[in-house]
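Working notes for the structure below.
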Amino acid sequence: MEFYIFAIIVLVGLAVSDLIVGVSNDAVNFLNSSIGSRVAPRYVIMIIASIGMLAGVTFSSGMMEVARKGIFHPQYFLMPEMMTIFLAVMLTDILLLDLFNTFGLPTSTTVSIVFELLGAAVAVSLIKTFASEDSYTAVVTYINTGKALAIISGILLSIIVAFICGAVAQFFSRLFFTFDYEPKMKYLGGIWGGLALSMITYFILIKGAKGTSFLTSEAVDWINNNTLKILSVSFIIFALIFQFLVTFTRINILKIIVLVGTFALAMAFAANDLVNFIGVPMAGWNAYEIAAATDTPFKTTMEALQHPIQSNTFLLLIAGSIMMITLWVSKKSRSVTSTQIDLSSQDEGMERFGSFVLSRIVVGMVASIFDFLNRLVPKNVRIFISKRLDPSAYKPTAVTSGKMPSFDLLRASVNLMMASAVVAYATSLKLPLSTTYVTFMVAMGASLADQAWGRESAVYRVTGVMTVVGGWFCTAFIAFTVSFIFANLLHYFGLFALVSLVLLAALLIFRSFRYHSKREEEKGGIAALSLKDDLDAAYAVNTAFEQTGHFLNEVSWSLRACFDGLSAEDRQRLRIIRNQIKNLQTITNIIIANIFKTLYMLDKENAEHPRRYTMTVGALQEITESHRDIIMRAFHHTINFHSGLLEDQKEELRRVRIYVSRLLENTAIMLLKRKKIDYDYIENQCEKLTNLIQELDQKQIKRIQSAESKTRLSILYYSFLENSEKISTHTRILLDIFRDYFLIENNKKTS
Amino acid sequence: MQIPFLSKFTGMPFNALQEHAEKVKECAWAFQQAMECYGSNRCDRFEEYMKEVDQLESHADKIKGKIRASVHKHSKTPVMEFQLFMFISEQDKVLDSVEESLNWISYRPSSGMPENLKKDFFNLVDAVITPIEELSVMVAETKKYYKSYSEKQRKIVIDIIQNLRKSEHEADQLEDTLKLNIFSNETDPAAVFHLVKLTEMIGSIADHAENAGDMMRAIIAR
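As structure tokens, then:
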């Protein structure tokens, strides 16, 4: 039994870890709307969510059954087999959720736990069937196939339903209220508030009451049987209260709706999803207790797990506290939340996802369908709708921290209202679904209806949605497969497998933590480059200088690393540099966007020589392109095992690289420190580089003639020379531009 | 002998070291600009560059103080501490040599650079600048080594140190050629003395850069 005591201790540790990774992934469900709309300072939102979560965990006591009997029939399993299943499930769950958190992708903790239970149960059932020499079809006896299929189909259906509901609700809400919704709230605020809060209240009752430890089953039945009555009465009461508020006070009722909705979703999350994190370890503990109480603990079947067991409220509160602390401190939670908010943001900007063929096809198809539908709608109706849905009326204002909301409060309230309605309705019909999938798809549907996915962003947003939804299918597949493998390992290798898997999990989590921190640091650096909208032109110009300086430094360091990697034929180093190209291109795009913003500000202030800015853009693009070309050629040359540079070529290219770096870094210093430009010096360096390149060109021709340098090597060599020259030329253009600017500024000061 | 895992908890002040190396590099570029200015008949910014070098030197001194305080606080072993001080000291001597060279030039401001020696001087300056540029890269790569403790990364640092030695050797050769040309072209004893000493001073810049590289080699030795 010692092994099983150890297994229980491991399960407890895994439960704590799972709570942490689980909350990091699920927090997006209830934080998305409030943080996206910046309804209140972050700490206020977090306090409300924390209170909601603590309230939710106390409702959670009756929700643990899915882990014990939802997916398989416990009466056919013995305690050691149950332990194998539960350990495999928990280990898989932590690794899987942490993987998704690291990449900032929301997924369903319900789907993961269901498929993990399924995978591990199938593995153990197969082992049992194999041992008893039964037919493999007997596996079906062990698995609660009916329930498992219902859960899977329910979840898949909810994805489509949620998307459509979100889109339709947002479309009509916007049609009524338009983007300039505040004046209309005076008249329609009561009805809107009544509608929203009655749905949210019903959601609280239906989700909370289902598992509550202090409501009798009669009370729960009454709630279920009097849905319409509850909805009608709460609608009238809330409508009156909200109409009073909008008429006689200056309180923004949308803020109340969003905050109450956040509380409700946080509560529902804690009440329902707690089972996904601690349900399995608690079931493991129950299995151990049941077996230990008998004379034959290893031979006792687990029928007892079929009966409901009341959870310990104290344990639930501890779990709630861990969740709360995670909510406040987890950086991965912020990453997951930002993915959803970025995808539903009303503004165009730097997109997180790229584009790929499928997303382009989808966008093209949808655009064609809309064009066709447009032609079917009468012109007057079309004009009316497009006037009401004109997004140019969307004028967000920065909150006290200076940050802009990603979408308005009307959308936030629709998100919460529809997510609550879909989840509550499905729950009342006893249909299983994933809160994550519902909230995500409602948010995406609403942003689509709000025209947040315009021509400039649709492809990237669709890629993002496809990535997330693709991740959901991967969740199911990975959960099943990994859990299946882990269960087999645990069954055949016992303690050795358990210790190894725990160590492996710890190592992977540590690595993912480091990876995530590094990525966040890079992202933070890139995000900090973007100019805010409310700045003056002088500041914007200075920032553009500084950013260009930093950019040139980066190019110089990257070229150096590339040259070293190429000389040493270090594939790994070149791969790292190749992967960083994207970052540098993003930085270039941000600087270019900032230059356009600056140009826009300067226009307002009667700008001089706007051509300078277009030349800057061109020079930056050329430098980026040349830099990319050098790196890609070096990478492909080395990765394809082509012959390395000759010793003479290495030395020659090193000299070229030194001049290019010197030029780039000196220009960077001049830009960063506003140092008076020593144009003669720069000119000398460029001249030296040009002379050197001419000299090297002659040498290379001789090498080609003597067949010393093969064709591919010559192509690589020349590309290095040619691109280095291009970089130097365009760096000089940048300097010319900035020198002109200084001259104009100095003339202005002196005159 | 360093124990990788434990060493992670006893940090080396790499950010400050990097900052110091960057100042040295900047100073070297200012020196090159000053030399080109001195060699050119139409440049009137020599004094400006001298001031710039002076300012950079005092900035670097402040950083050096920071490094010293930090090393005392986090010192791993006395040997390590000593090697690190020697490294900073050599890096600092680069600055001193640059400053001294410019001061030496300023003692004979009107004489200018002989036309037939200009190219050799510029080539020498170019050659001594290269190892200094390598110093900041070396510090950056060493920082990475102390994060990963990988043999591959150590090899990268060693390669840089070898490049540094190579550049110093090239500078030495150019220094010898220049001295030879001075003696064969100049007849004025004062000018010969001034130019030869200047050549040696410039040459010593690369020597200190090489010494700094050697110190770093000792630090990362296993």
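Protein chains in written order, with our numbering: chain A, 3 to 753; chain B, 1467 to 1688. No residue lacks a Cβ here, since even glycine has one placed at the ideal position from N, Cα and C.
Check whether chain B comes within 8 angstroms of residue i, counting only Cβ atoms and requiring the distance to be less than that.
| i | result |
| --- | --- |
| N686(A) | yes |
| M65(A) | Residue placement at M65(A) cannot be trusted, given a pLDDT of 49 that sits under 50; what the coordinates show is reported in the next sentence. No, no contact with chain B. |
| D650(A) | no |
| I681(A) | Contrary to the premise, residue 681(A) reads as Tyr rather than Ile in this sequence. False, the Cβ-Cβ gap to chain B never drops below 8 angstroms. |
| R580(A) | no |
| N668(A) | yes |
| L736(A) | no |
| I729(A) | no |
| I511(A) | no |
Considering only DSSP beta bridges, list what residue i is partnered with.
| i | result |
| --- | --- |
| L80(A) | T303(A) |
| F74(A) | I145(A) |
Under 7 angstroms from any heavy atom of the ligand NAP, does the C-beta of residue i make it?
| i | result |
| --- | --- |
| V235(A) | This structure lacks the ligand NAP, and indeed carries no ligand of any kind. |
Could you check whether residue j and residue i sit closer than 8 angstroms to each other, using their CB atoms as the reference points?
| i | j | result |
| --- | --- | --- |
| N417(A) | S175(A) | no |
| A837(A) | L21(A) | The shown model of chain A, from 3 to 753, leaves out residue 837(A), and the question about it has no answer. |
| I11(A) | L33(A) | no |
| A563(A) | L736(A) | no |
| V235(A) | G191(A) | no |
| G1669(B) | M1604(B) | no |
| M443(A) | G168(A) | yes |
| V25(A) | L329(A) | yes |
| L655(A) | F565(A) | yes |
| F271(A) | T104(A) | no |
| V1537(B) | V1490(B) | no |
| L107(A) | T341(A) | yes |
| V471(A) | V364(A) | no |
| L1590(B) | T1653(B) | no |
Can a CB atom of chain A be found closer than 8 angstroms to the CB of residue i?
| i | result |
| --- | --- |
| W1570(B) | no |
| Q1499(B) | yes |
| C1509(B) | yes |
| S1524(B) | no |
| I1686(B) | no |
| T1596(B) | yes |
| S1614(B) | no |
| S1536(B) | no |
| V1603(B) | yes |
| I1622(B) | yes |
| S1506(B) | yes |
| E1599(B) | yes |
| E1565(B) | no |
| E1502(B) | yes |
Looking only at its own chain, which residues have a Cβ that is under 7 angstroms from the Cβ of residue i, when we skip the five neighbours before and after it?
| i | result |
| --- | --- |
| N1677(B) | E1556 |
| M114(A) | Per the sequence presented here, residue 114(A) reads as Ser, with Met not at that position. So the qualifying residues of the chain are D95, L98, L99, T477, A481. |
| R1631(B) | E1676, G1679 |
| F740(A) | F547, L673 |
| A1606(B) | Q1484 |
| R734(A) | I684, C688 |
| K712(A) | S645 |
| K525(A) | none |
Cutting at 6 angstroms between CB atoms, please list the residues of its own chain near residue i, excluding the five before and the five after it.
| i | result |
| --- | --- |
| M420(A) | C167, G168, A171, V444 |
| A122(A) | I87, A90, V91, S485, A489 |
| A1494(B) | I1595, I1598 |
| E1(A) | Only positions 3 to 753 of chain A appear in this structure, which leaves residue 1(A) out of reach. |
| K1609(B) | F1480 |
| H732(A) | A621, E624, I625 |
Can you give me the Cβ contacts of residue i inside the same chain, cut-off strictly under 8 angstroms, excluding the 5 residues immediately before and after it?
| i | result |
| --- | --- |
| L412(A) | S175, R176, F179, Y183, L256 |
With a cut-off of 8 angstroms, do at least 3 Cβ pairs link the segment 621-633 of chain A to the segment 725-736 of chain A?
yes
Any chance the segment 516-525 of chain A sits against the segment 566-574 of chain A, with 3 or more Cβ pairs inside 8 angstroms?
no
Evaluate contact between the segment 1584-1593 of chain B and the segment 1510-1524 of chain B, counting only Cβ atoms and requiring at least three cross-stretch pairs below 8 angstroms.
Touching, no.
Contact between the segment 224-239 of chain A and the segment 197-210 of chain A: three or more CB pairs below 8 angstroms?
As far as the Cβ criterion goes, the segment 224-239 of chain A touches the segment 197-210 of chain A, which means the pair count is three or higher.
Do the segment 551-561 of chain A and the segment 669-687 of chain A touch if we need at least three Cβ pairs shorter than 8 angstroms?
yes
Do three or more CB pairs link the segment 365-373 of chain A to the segment 493-506 of chain A at distances below 8 angstroms?
no
Does the pairing of the segment 1681-1688 of chain B with the segment 1568-1584 of chain B give three or more beta-carbon distances under 8 angstroms?
no
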